[in-house]
Structures are given as structure tokens and as C-alpha cells.
Amino acid sequence: MRSSLVTLLFVSAIVLAACGGPSADLEYLDSRAKPNLEIPPDLTLVKVDSDFELPAIFSADGTGSGNKIPVLASVESIKLKGHSDFYWLSIDESAENLYQLVKEFWASEGFTLAMDEPVIGIMKTHWVFNKEGGKDEDKSFLAKIFGSNELASSQDQFITRIARDGGTATSQIYISHRGTEYEPEGLLATSKNDDDRRIDWKFRASEPELEVEMLSRLMLYLGLRQLEVDQQLAKIKLFAPRASIHTDYAEDETYILVKDEITRTWYRTLHQIERLNLEVISADLSKRLTSITGVMLVETDIEIEVDTSGFFSFSPNIEIVKMQVKLVVSEESHEITRISMETTQGDTENSAEGVEFLTLLYQYMK
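Numbering (my numbering), first residue to last: 468 to 833.
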């Protein structure tokens, strides 16, 4: 009995001692937060300064917004050159390397390619159709340059040519723009179907400012900053009229003389033909021992009648086809280039239709 009482008292003492200890709640209230673990130095965020900022033309949600690092090792080699309404880029880089970069540039701008010819250095975007009533957030950069009404019913396309500059490591990039607009005619008053209207597409006047815009965006894509691009644009000087048209009545030949060296005239001619939306079927600029001569076969928009009947046919078979001419670009001197015409058979082209085409080309070349 006595031992049981002693045991009971011992257990009670232990319980009382436990209850009298510090409260768990008090321990929680008295606790202090310790400093967070420091981030290692090489994992801390870099302070963003002007060197990390995006070019102003890229939107925050654009496909090119993540391209902060120049894609060329030496951006100092990018030079904008031009004469009046004709501009191009001169870059100390191989044409092969630039071709892929330019292709990626068009993709970053949201364009897909209808022509992709790396061997000859030509790429052409698909026509971009600008519908009426587009949402503001869907506007392309074209709609930001011009009002939405001007682009409500139009198409735009860009053609890029990348060429080596002689025997040097420098390459040249040319971008030409062509645009169309339409006027709906014959809309039935009782129909809402677009198929009931006849759409006449008409080519818009040449817009060199769009070509300069794309060249500027390409310079930014390759690594230049907006201030550097603006400085190069400011250095471009306007030239006096460069071309004149002549007629040699003794030879019954009409030709154009351009006050420029032949290589530049060659690419300017290609540039203007593309602006006219004419197809260049073939183009070859050949360098001989003492001179350079270029020949390009162009399909004009002039329709002519051609007899396609065979030798043994008893009656003519007249077809309406588009006239084709050969433009021969040759050196008159180091600073003067001549543009003359030949038929597809190699004879002098002196028809009224041929002179009409050459006169139109002169209006764009002068």
C-alpha cells in the first residue's frame, strides 16, 4: 500500500513538471525570421541598360522581340548606300551566310516565301493581302506607316536579291517592293456574295519608302541600333537625273544611257523591272577580259499577236501573247552604261511596242 502511494506521487510530480514548462505557443511568438539565402553572384539578374534594349520597331509581342544579340559578328560592316529612290545594303559577309540570315529575317517579320533560290540569291515573299475592316491589333507595320484606309484593299510583296560585289568579300542586298490595289466593279445590289463582284487589280505607284523601311529593319535585325540606322539614312544624298533616252535613226535603234557604272546600273534595272511587276525570265551578267555585259530576258505586259501555226498549216493560228524582249546592258565607259533592246532571236528590237516598253523603263530609271 505504501509503495503504491509513493509511485502515484512520483507520477504526479512528473506530470506537473511537464505542464509547468514553456508554452509551445510562446516559443512560436518569440521566434525571429532569419535572412533569406543569398543568390550566388553569377545567378543574380543583370541590370538592364541601353545595351540590352530592343530596337524601337520591334513590338513586345512580335516574333522578333527575343532577338537582342546581333546575328553578325561585326555590325560595323553594315553600310546603307543609295541614290535618290534606290537603296541597298553593303555588308562584309559572304552571300551564302547572308542568304540564310535574310531568310530568317523575313520569317521574323511574318512573311512566307513564294520563291526561295539560294543558288542565285533571290527570294520573293508571298503577296500579303490587306482586307478591309481589319482589327487595330492585327495591323502590320505597313498599316502603321500608312493609314488603314490606304491599305484596306491592297496587296504587297517584297523581292530580295543578294549578290557578291566583284572579287571582294563584300555582298550587296537589294529589296524591291511591289504593291497593288483593287477597285470592285459590277457589284450586284441584291447580293452579298463576293463572287458576284469583279475585282480589277491595279499596280500602285512605286513606293521606295517601303524598301528603305525594310532595309532599315534588316539592319536592326542584323545588329545595328536605331540611332546608327538613322545616322546612315541622314548621310544618303540625292543625285541628279541619271538616265537619258536616245534614238539612233541610222541604225533604227532606241536605247538608254545611264550615268553610272555597269554593275550598279544592272541591279538598278532589275530593281525597276520588279517594281513594274514584270517577270525576269533570265538574267546573266558576264565579265569578259576587258568589259562586262549583261543580258536579261523580260516578259512585258504588252500583248501582241503571234502566228503559231506550223509549217504545214493551211491557215494561220493567231494567239495573243505577252511580248518578250532582251535587255542588253553594256559599258559605254567606266561611268556610262548603255541599255539597248533585242528580240528573242537576237535582232535589234525597234517595234513600236518595244520602244513603248523602253520608254516606260526610262521613266523609272531617270
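Backbone N, C-alpha and C define an ideal beta-carbon position, used for all residues, glycine too.
Terminal residues of the alpha helix (DSSP H) in which residue i lies
i: residue 824; result: 819-832
i: residue 717; result: Counting along the chain, residue 717 falls outside any alpha helix (DSSP H), and DSSP gives it neither H nor E.
i: residue 731; result: 729-742
i: residue 694; result: 693-702
i: residue 679; result: 675-689
i: residue 563; result: 562-575
Cut-off 6 Å between Cβ atoms - residues of its own chain near residue i, not counting five sequence neighbours on either side
i: residue 729; result: 759, 798, 804
i: residue 811; result: 791
i: residue 677; result: 644
i: residue 688; result: 572
i: residue 626; result: 591, 643, 741
i: residue 699; result: 547
i: residue 721; result: 714, 822, 825
i: residue 675; result: 552
i: residue 595; result: 623
i: residue 749; result: 764
Delimiting residues of the beta strand (DSSP E) encompassing residue i
i: residue 627; result: 621-631
i: residue 555; result: 553-558
i: residue 788; result: 785-798
i: residue 547; result: 546-550
i: residue 581; result: 580-584
Close-in-space but distant-in-sequence residues of the same chain around residue i (CB under 7 Å, 5 per side omitted)
i: residue 738; result: 553, 641, 643
i: residue 824; result: 767, 769, 792
i: residue 816; result: 792, 808, 809, 810
i: residue 801; result: 728
i: residue 602; result: Confidence at residue 602 is low in this model, with a pLDDT of 44, below 50, so the placement of that residue is unreliable and no value is reported for it.
i: residue 527; result: Here the model assigns residue 527 a pLDDT of 35, short of 50, so the residue's position is not dependable, and the following value carries that caveat. So no residue of the chain qualifies.
i: residue 585; result: 566
i: residue 582; result: 589, 590, 591
i: residue 493; result: Low confidence applies to residue 493: its pLDDT is 40, below 50, so where it sits in the model is not reliable, and the reading given next is rough at best. Excluding positions up to five away in sequence, the list is empty.
i: residue 747; result: 737, 740, 763, 765
i: residue 696; result: 683, 686, 687
i: residue 668; result: 647, 649
i: residue 716; result: none
One or two residues paired with residue i in a DSSP bridge
i: residue 668; result: 649
i: residue 593; result: DSSP lists no partner for residue 593.
i: residue 750; result: 763
i: residue 806; result: 723, 796
i: residue 771; result: 788
i: residue 644; result: 625
i: residue 812; result: Answer is none; residue 812 lacks a bridge partner.
i: residue 711; result: 724
i: residue 758; result: None, per the DSSP bridge assignment.
Cβ pair residue i, residue j closer than 8 Å
i: residue 789; j: residue 766; result: yes
i: residue 560; j: residue 544; result: yes
i: residue 622; j: residue 647; result: yes
i: residue 787; j: residue 820; result: no
i: residue 547; j: residue 686; result: yes
i: residue 574; j: residue 734; result: no
i: residue 624; j: residue 632; result: no
i: residue 806; j: residue 736; result: yes
i: residue 839; j: residue 774; result: There is no way to answer for residue 839, as the model of the chain reaches only from 468 to 833.
i: residue 637; j: residue 558; result: yes
i: residue 712; j: residue 549; result: no
i: residue 649; j: residue 620; result: yes
i: residue 628; j: residue 588; result: yes
i: residue 556; j: residue 682; result: yes
i: residue 784; j: residue 670; result: no
i: residue 732; j: residue 796; result: yes
Cut-off 8 Å between Cβ atoms - residues of its own chain near residue i, not counting five sequence neighbours on either side
i: residue 710; result: 723, 724, 725, 726, 829, 832, 833
i: residue 719; result: 815, 817
i: residue 580; result: 570, 573, 590, 591, 592, 593
Contact with chain D by residue i, beta-carbon distance below 8 Å
i: residue 550; result: Going by chain labels, chain D is absent from the structure shown, which holds only one protein chain.
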